[in-house]
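Trainee: First the structure, which I've put down as structure tokens, then a few questions once you've had a look.
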Amino acid sequence: MTVSPDPAGLADAAGLADAAALAVVGRPLVHDSAVKHVQGAAAYIDDIAEPARTLQVVPGHAPSAARGRILSIDLDRVRAAPGVVAVLTAADVPGINDCSPSVGGDPVFAEGRILFHGQVVFAVAAETRDQARRAARLAAIEVEAETPAVTVDDALDRNTEVLPPYEFRKGEVVAALDASPARIGGTFRIGGQEHFYLEGQAALAVPGEDGDMLVHTSTQHPTEVQHITAKVLGLPDAAVVAECRRMGGGFGGKESQATQWAVIAALVARATGRPAKIRLDRDDDMIMTGKRHDFRVDWEAGHDADGRLTGVDVAFYGRCGYSADLSLGVNDRTMFHADNAYNYPAARIHSRRLLTDTVSNTAFRGFGGPQGTVFAERVMDEIAVRLGLDPLTVRKRNFYAPAGDTTPYGMPVEDNIIHDLVAELERTSDYWVRREAVKAFNASNRILKKGLALTPVKFGISFTLIHLNQAGALVHVYSDGSIMVNHGGTEMGQGLYLKVAQVVAEEFGVGIERVKITATTTAKVPNTSPTAASSGSDLNGMAARIAAGAIRARMAAVAAAEFGVPAEEVRFRDGRVFGGNASIGFGDLAKKAYLARVQLSEAGFYKTPEIHWDRPSATGRPFFYFAYGASCTEVTVDTLTGEMRVDRVDLLHDVGRSLNPALDIGQIEGAFVQGMGWLTTEELVFDRAGRLRTHAPSTYKIPTASDVPADFRTALFESGGCRADTIYRSKAVGEPPLMLANSVLSAVFDALAALRPGRVPPLNAPATPEAILTAAKAMRSD
Amino acid sequence: MFWQPTSLQEAVRLLADEGGILVAGGTDVFPALVDRPSPAGLIDLTRCAELKGIAIGADAIRIGAGSRWSEIARASLPRGLAALQAAAREVGSVQIQNSGTIGGNLCNASPAADGVPPLLALDAAIELVGPHGLRRLRVGDFVLGNRRTARAADEILSAVLIPRRLEAGGSAFLKLGARRYMVISIVMVAVTLVPGPDGRIADARVAVGAASAAAQRLGGLEARLIGTDPVGSAPADLVSAADVAGLSPIDDVRASAAYRLDAARELVGRAILQAWEAARA
Amino acid sequence: MTTVSMTVNGRQVSADVEDRTLLVDYLRNAISLTGTHVGCDTSQCGACVVHVDGRAVKSCTMLAVQAAGSSVTTIEGLATGDELHPVQAAFREHHGLQCGFCTPGMIMTAVDMIRRHGGQLDEATVRHELEGNICRCTGYHNIVKAILDAAAKMQMPAAAE
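Protein sequence lines, in the order shown, are assigned to chains D, R and U. Take the first sequence: its letter number 495 is residue 495 in this note's numbering, and every next letter is one higher. Throughout, this note's numbering is defined as the position within the second sequence, counted from one, plus 1000. Throughout, this note's numbering is defined as the position within the third sequence, counted from one, plus 2000.
The following block contains the structure:
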């Protein structure tokens, strides 16, 4: 069934009903797997008991080359190594040798050319993992090495792109800039980011009869694993089942990047008839899988004497790596969020998607959006420095009006709550008092400088690829009254399974313990979208609610007949079903419904209403709604060593009416810290030969517990619920809070700006100690 | 093959007869082993009784090479060894400190080894035992360069000896990283200062790690500090560019050479002030 | 191959493994205790922390043969029957986990930390001693809260005496 017309009268109930009336939705229930996690009993791919005769698979690459023609591949020594059962290359692919999520160009195994350092050339399967690893090192691959394009600038020099440029235009930006009282601009750089999901990429393929394949895969996108495995193996989609119970973290790194490993395991299983498991080493994982796009940003903006923007002209040069992968959507989203929460009266937002001979950059929490917002904040910070105004004052002057303004892509901003939200954080964080304290501190300290920043977030919710905004769910009520729910969303720690189960429990008026959560599998719900774009609970929660609502309506009819009341008067709550003065246990009613031959199973389907987007003309309404938030961060910078400490963080975030505040606060805190890492300590270093030098946690530094300040305050903004008709008026929470970390970068900028009022600190992201010291020296130089 | 001798003598014999890699805490050896072929032999020194324990003797403090960093950090030692204990608390993480040993840190000879600068700043020596007997070397003569030491293939480092003449001084250890802790250093500094009866510096040791192939003493600076009172000086005024010019940092993924030199100069100055404060306490 | 025997979670276990087998692989593969996770293979992330003779160690920095004869405690050995260890209960209660992959190592580190510091455990110490355990999901805030709460609760019986 579909969302419209509204068969179960859901919209009314889902409306702005009193939250107190909800029994399960909105409660801070603990993660459904928490008890298993604290006992080490929750199984990840590598923990699944291996079927007998399972082979262990390791990928092999050409360690010497980043780009060039393959002259020869000699795998004889690999094949002869102890324990080796099979060695596969491109020649062993029965179907199509490509695992691209989009337009192609991602060979499973290199064919003819090496496209980046770390590209998989072959896979070796052995009895033990140790044997496979040692055998993989025995390959001799000769490559006619060519000089790789490694950086954005290399690609600009060479003029290579994975996709054509794209642009948004609003008004006449050239005229607007020409007429501006003041113009500012420059170039700065924003670094990439490694996902560093704690569970590395992994898959276990189990061959079945008739060539069927079951793939246990750690993926955000089981359907894509299914479809691409089928394509590479030369099978119909229906012959492949992809299943994922949980991931040990995803963050976008298992959206398209999980597929290749599942496919390789399936190829081995197909070739040998034996189950096959692959789990990437951390080093292999880091050099072989894509990361967040890094950018060069060239920009110019005009403003008036009060700091109000007149126009913005910006070009984003994104490093995409060797293939398109998801770069179209990622770079589009950078453009969609180049305004963040600010009204650009006139704008040209230009984007180039550059091809480099490096790993293909991919989805990462925020999907390009964070880079856009970092740019917007930089503009605000520079205006403040030029005019000697407080950065928060400049920000507030440029916020979108509560209603009536239009984004550079033509979508009206109708649900803007940033004014109220920022006003509240301004108060709760004590911004202005602390601003004075920071000024006083800086006046009396020559070496240590404090910085303070309060930055907003506005983030558009919906896949910008419109067709992905659909979801399915399968709900069964068994005759004992137990309930099983399955949907297309995947669990990576965010608590999606629990949120959807809460929705289903609410619908049936039963306790959460009655709802059985099950692994995501393409055999139960087909043609699903990735769990991405923060859409998991919006889409799957709604689909599950529709399915549960349909079953409930049928059960209500049974109860109505039993009690002799109209079906509309039947109520489901506290594990019982009420009508008139009578009631019956939910399980007893399920049994009665079964005996009455009533269908107790339903596949729900939901598609987001109202959204449309015409990419060629860059017009439409790509987002169902916006999520908002703001953060205030105080830092202390040591201007003679470049070291930096975050002293205090205040987060205020809008999740609409929360489905589960404990889960939502966890998402907000975690996203902030992940964003803070991206903008401070996490630095990806590629050498001139195109090799990633920071390919292990010893050199690539994600935040630890002591990088997070003890004074860390998080609150949910009481907004009265999402204005769009979302599941229980909640809002998506996966990605938006990552951009709360922009306040860390702006606070460092603020601290450096204190070294010499009026001069703009030349600070790039990430603000590593070295980047900070470099900027500090520039501030001190004549 | 894997051997687990219970005495130093047995370990020396095994090394001579069988060869192989010596391993103690394993915190450097095993992570590096991951993808490499199995070594022909491994000799695990963790059960050799002679390598254990910290003993305060008449002239020197003897730290068994098998002493784990957590044991050193928690031991009751004179205040002059505070820099060494501070370094012990910054090696890797708690679990690494629970496994990693001081002897292993020295033999592994990473330019960024936490243990080396404080030992240089304490005039420490080490003891090597081989089939032909025992010899002693100053730490500066033992650690020769990046992953290079003066240990002969058949010798085992058995102990670190710290002379007691500096133990009444004040000492400081500072480490700069991309993150404050749990990081392989960008630069680290250890300083020991002994006050004279006139309230001025009577003896000084300054050592810098991670800014050259092996950690180095800054002899010129040490000499200049004698007879001075650094109180009230700014760090940058205590240390000249020439003082750190002898360092030869490299550009690597952790930092550029220029940054290391800048940071080293500032950090040395701060460590001097901190050590002096401890010395006068 | 060598026969390696040790006591794991109070039970005597024995398995034939290669000399170079790491303790973590012994636990996961030879005796099927998969709660100890492999996150980074390089001693950095802490997902593999276990206790060996009362010391918290990263089981990827130790060979199984080195632990022969030792007493090893893993995440599976903390609970008493159905009753969670107070640290496990606190992680659950305070939402000190999301994807759960780092959780076993975090808890093993926390138990060791509380044992050593007891009632003296403060927030700065918790954060400092957690540096060997990486979490990519939570931002650590709830993990720190859970550890401090567990430490306080575990002190209570002593305080009542």
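From the three backbone atoms N, C-alpha and C, an ideal C-beta is built for every residue, glycine too.
Can you find at least 3 beta carbon pairs, one from the segment 419-430 of chain D and one from the segment 452-463 of chain D, that sit closer than 8 Å?
Mentor: Contact between the segment 419-430 of chain D and the segment 452-463 of chain D is present, because at least three Cβ pairs lie under 8 Å.
Trainee: Any chance the segment 2104-2114 of chain U sits against the segment 1076-1085 of chain R, with 3 or more Cβ pairs inside 8 Å?
Mentor: No, the segment 2104-2114 of chain U is not in contact with the segment 1076-1085 of chain R.
Trainee: In this structure, does DSSP put A37/D in helix, strand or coil?
Mentor: Mapped onto the first sequence, residue 37/D falls at position 37. Contrary to the premise, residue 37/D reads as His rather than Ala in this sequence. In this structure, H37/D counts as helix in the three-state DSSP scheme.
Trainee: Would you check if the distance between the CB atom of A1060/R and the CB atom of L1161/R is smaller than 9 Å?
Mentor: In the second sequence, counting from the first residue as 1, residue 1060/R sits at position 60. In the second sequence, counting from the first residue as 1, residue 1161/R sits at position 161. For A1060/R and L1161/R, yes; Cβs fall inside 9 Å.
Trainee: Can you tell which of A751/D, V685/D, L659/D, T768/D has the C-alpha that lies nearest to the C-alpha of C722/D?
Mentor: Within the first sequence, the letter at position 722 stands for residue 722/D. The shortest C-alpha separation from C722/D is found at L659/D.
Trainee: Any idea which residues DSSP pairs A140/D with across the strands?
Mentor: Along the first sequence, read from residue 1 onward, the residue named residue 140/D stands at position 140. The partner list for A140/D (beta bridge, DSSP) reads D74/D.
Trainee: Quick one: is N2133/U near chain B, going by C-beta distance under 9 Å?
Mentor: Chain labels in this structure do not include chain B; the protein chains are D, R and U.
Trainee: So L1176/R contacts chain D; which residues on that side make the cut at Cβ distance below 9 Å?
Mentor: The residue you call residue 1176/R lines up with position 176 of the second sequence. Here the neighbours are T641, G642, E643, P769.
Trainee: Starting from Q502/D, follow the alpha helix (DSSP H) in both directions and report where the run begins and ends.
Mentor: Here residue 502/D refers to the residue found at position 502 of the first sequence. Run containing Q502/D: 496-508, per the alpha helix (DSSP H) assignment.
Trainee: Tell me whether I1186/R sits in a helix, a strand or coil according to DSSP, three-state version.
Mentor: Here the question's residue 1186/R lines up with position 186 in the second sequence. Residue state, collapsed to three classes: coil.
Trainee: From T406/D to G368/D, what does the alpha carbon distance come to, in whole angstroms?
Mentor: As a first step, residue 406/D must be located in the first sequence, where it is residue number 406. As a first step, residue 368/D must be located in the first sequence, where it is residue number 368. Rounded to the nearest angstrom, the two C-alpha atoms are 21 Å apart.
Trainee: Where do the ends of the alpha helix (DSSP H) carrying N486/D lie?
Mentor: If you number the first sequence from 1, residue 486/D lands on position 486. Unbroken run through N486/D is the beta strand (DSSP E), 483-487; no alpha helix (DSSP H).
Trainee: Distance, Cα to Cα, I73/D vs T528/D?
Mentor: Here the question's residue 73/D lines up with position 73 in the first sequence. Here the question's residue 528/D lines up with position 528 in the first sequence. Computed Cα separation, rounded: 38 Å.
Trainee: Rounded to the nearest angstrom, what separates G1000/R and T217/D at their Cα positions?
Mentor: This structure leaves residue 1000/R out entirely; chain R is present only between 1001 and 1281.
Trainee: What are the boundary residues of the alpha helix (DSSP H) that includes T2109/U?
Mentor: Residue mapping note: residue 2109/U aligns to position 109 of the third sequence, counting from 1. From DSSP, the alpha helix (DSSP H) with T2109/U extends over 2103-2117.
Trainee: What distance in whole Å lies between the Cβ atoms of C2099/U and M555/D, which are believed to be in contact at a cut-off of 8 Å?
Mentor: As a working note, residue 555/D is residue 555 in the first sequence. As a working note, residue 2099/U is residue 99 in the third sequence. So it is not a contact: roughly 36 Å between Cβ atoms.
Trainee: Do the CB positions of K291/D and L684/D come within less than 9 Å of each other?
Mentor: For the purposes of this step, residue 291/D is taken as residue 291 along the first sequence, with counting starting at 1. For the purposes of this step, residue 684/D is taken as residue 684 along the first sequence, with counting starting at 1. Yes. Within cutoff.
Trainee: Using CA atoms only, rank isn't needed, just tell me which of A776/D, R688/D, L752/D is closest to H117/D.
Mentor: As a working mapping, residue 117/D is identified with position 117 in the first sequence. Among A776/D, R688/D, L752/D, the Cα nearest to that of H117/D belongs to R688/D.
Trainee: Give me the chain D residues within the contact set of E1018/R, using Cβ-Cβ distance strictly less than 9 Å, ordered along the chain.
Mentor: For the purposes of this step, residue 1018/R is taken as residue 18 along the second sequence, with counting starting at 1. Those do not exist, as E1018/R stays about 22 Å from chain D at its closest Cβ, beyond 9 Å.
Trainee: Just to confirm before moving on: does the CB-CB distance between I1156/R and V1116/R stay below 9 Å?
Mentor: If you number the second sequence from 1, residue 1156/R lands on position 156. If you number the second sequence from 1, residue 1116/R lands on position 116. No, Cβ-Cβ distance for I1156/R and V1116/R is not below 9 Å.
Trainee: Could you have a look at T699/D and say whether DSSP puts it in helix, strand or coil?
Mentor: Taking the first residue of the first sequence as 1, we reach residue 699/D at position 699. If DSSP states are grouped into helix, strand and coil, T699/D belongs with coil.
Trainee: Is there at least one Cβ from chain D nearer than 9 Å to Q2012/U's Cβ?
Mentor: Mapped onto the third sequence, residue 2012/U falls at position 12. So, not an interface residue.
Trainee: Rounded to whole angstroms, what is the Cα-Cα separation between I611/D and F623/D?
Mentor: Mapped onto the first sequence, residue 611/D falls at position 611. Mapped onto the first sequence, residue 623/D falls at position 623. Going from the Cα of I611/D to the Cα of F623/D covers about 6 Å.
Trainee: Compare the beta carbon distance of G734/D and Q494/D with 9 Å and say whether it is the shorter of the two.
Mentor: Within the first sequence, numbered from 1, the residue matching residue 734/D stands at position 734. Within the first sequence, numbered from 1, the residue matching residue 494/D stands at position 494. Taking 9 Å as the Cβ cut-off, G734/D and Q494/D qualify as a contacting pair.
Trainee: If contacts are defined as beta-carbon pairs under 8 Å, then M676/D and P370/D qualify, I think. What distance do you get, rounded to the angstrom?
Mentor: Counting from 1 along the first sequence, the entry for residue 676/D is found at position 676. Counting from 1 along the first sequence, the entry for residue 370/D is found at position 370. Rounded, the Cβ-Cβ distance is 12 Å, inconsistent with contact.
Trainee: Output yes if chain U places a C-beta closer than 9 Å to the C-beta of R282/D; else output no.
Mentor: One-based indexing of the first sequence puts residue 282/D at position 282. Chain U, which has a Cβ nearer than 9 Å to the Cβ of R282/D, makes this yes.
Trainee: Got a sec? Which residues, its chain only, sit under 8 Å from P769/D by beta carbon, not counting five neighbours each side?
Mentor: What you label residue 769/D is simply residue 769 of the first sequence in a count that begins at 1. So the qualifying residues of the chain are T641, G642, E643, M644.
Trainee: Just reading off the beta strand (DSSP E) that D650/D is part of, what are its end residues?
Mentor: Within the first sequence, residue 650/D is the residue found at index 650, counting from 1. Residues 644-653.
Trainee: Given a cut-off of 9 Å on the beta-carbon distance, is the pair S462/D and T608/D in contact?
Mentor: Here residue 462/D is taken as the residue at index 462 of the first sequence, counted from 1. Here residue 608/D is taken as the residue at index 608 of the first sequence, counted from 1. It is a contact, given that the beta carbons lie within the stated cut-off.
Trainee: Is the Cβ of R693/D closer than 9 Å to any Cβ of chain R?
Mentor: Working through the first sequence from its first residue, we reach residue 693/D at position 693. Output row for R693/D: interface = yes.
Trainee: What separation, rounded to the nearest whole angstrom, lies between the Cα atoms of A741/D and S631/D?
Mentor: Position 741 of the first sequence, counting from 1, holds the residue named residue 741/D. Position 631 of the first sequence, counting from 1, holds the residue named residue 631/D. Spanning the two alpha carbons is a distance of roughly 7 Å.
Trainee: Taking beta-carbon pairs under 8 Å, can you tell me which members of the segment 1263-1274 of chain R lie near chain D?
Mentor: Correct list: A1263, E1266, L1267.
Trainee: Going by the beta-carbon positions, is the gap between A2110/U and A2047/U smaller than 9 Å?
Mentor: As a working note, residue 2110/U is residue 110 in the third sequence. As a working note, residue 2047/U is residue 47 in the third sequence. For A2110/U and A2047/U, no; Cβs fall outside 9 Å.
Trainee: Determine the closest residue to M247/D out of G690/D, G585/D, Y44/D, with distance taken between C-alpha atoms.
Mentor: The residue you call residue 247/D lines up with position 247 of the first sequence. Measuring from the Cα of M247/D, the nearest candidate turns out to be Y44/D.
Trainee: At 9 Å on the CB atoms, spell out the chain D contacts of S1240/R, in chain order.
Mentor: Taking the second sequence and counting its residues from 1, one reaches residue 1240/R at position 240. Within 9 Å Cβ-Cβ: nothing; S1240/R doesn't reach chain D, min ~15 Å.
Trainee: With a threshold of 9 Å between beta carbons, is R2020/U in contact with chain D?
Mentor: For the purposes of this step, residue 2020/U is taken as residue 20 along the third sequence, with counting starting at 1. By this cut-off, R2020/U is an interface position.
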